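Just below is one structure, and these are the notes that go with it.
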Ligand code: DX5
Ligand code: ZN
């Protein structure tokens, strides 16, 4: 089965956001990945709730919102109201992850958990059945355009085994440095969703690049 493709709007031209979203509407993208950075959890600030609303206003694909923020519980409702269909919080930012996941589901969104490169998939063992999507970070979060971390392949394999062993329906998403070289290996390892930022938006023809990833 082909992977779902989630282009990251972080790499788009913010001065032409409507056009960029319309381009993604026309493409084979499955989701629009929306990266929220607070300058505290990660050393960079992207954009927040009003910009997410502006993206949602034009988007015909579900918004996959990746919260790289401390204390995400405070903002779940605001991002849901802004149009998020999937909300991923960072494992490292949640003291009561199980409660946070229930909170996301109560809002009617799909609940995601993102894990940093140093965070073991084993830490999700007792909560995997409550997670709709695990976002495996294949770079350290904070910036687009970074180099893919090779350890990700075996991490995805271990996560896939965990999901199967628990009979869970969790999707595996890969985020950071994804391109046409590493994508086939990631799919083989068990990836269901591929996020791609700079690889899509720096290419000459983003629509064709998305098609290329989709047709792997
Ligand atoms: C990194 C973000 C990623 C990023 C991916 O902190 O979470 O979603 O935008 O961009 P590329 O594909 O350029 O690594
Ligand atoms: Zn992301």
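Residue numbers (the working numbering): 270 to 485. Cβ atoms here follow ideal geometry from the backbone N, Cα and C, with glycine treated the same way. Values in this document were obtained by computation on a predicted structure and should not be read as measured data.
- prompt: With DSSP run on the structure shown, which of helix, strand or coil describes residue 432?
  reply: helix
query: Any chance the CB of residue 401 is under 6 Å from a heavy atom of the ligand ZN?
result: no
field: Proximity to residue 460 [Cα-Cα], best of 409, 413, 404
entry: 404
message: Suppose you measure from the CA of residue 436 to the CA of residue 447; what does that come to, to the nearest Å?
response: Residue 447 has its alpha-carbon roughly 28 Å from the corresponding atom of residue 436.
message: residue 407 and residue 445 - do their beta-carbons sit closer together than 7 Å?
response: yes
- prompt: Name the DSSP beta bridge partners of residue 386, please?
  reply: Bridge partners of residue 386: none, in fact.
Buried/exposed call for residue 477, threshold 16 Cβ in 10 Å: exposed
Residues surrounding the ligand ZN [beta-carbon distance to nearest heavy atom under 5 Å]: 304, 335, 444
query: CA-CA distance, residue 422 and residue 413?
result: Roughly 20 Å between the two C-alpha positions.
task: Taking 7 Å as the cut-off, decide whether the C-beta atoms of residue 462 and residue 273 are in contact.
output: yes
message: Measuring straight from C-alpha to C-alpha, what distance separates residue 455 and residue 390?
response: 16 Å
Where the alpha helix (DSSP H) containing residue 347 begins and where it ends: 345-351
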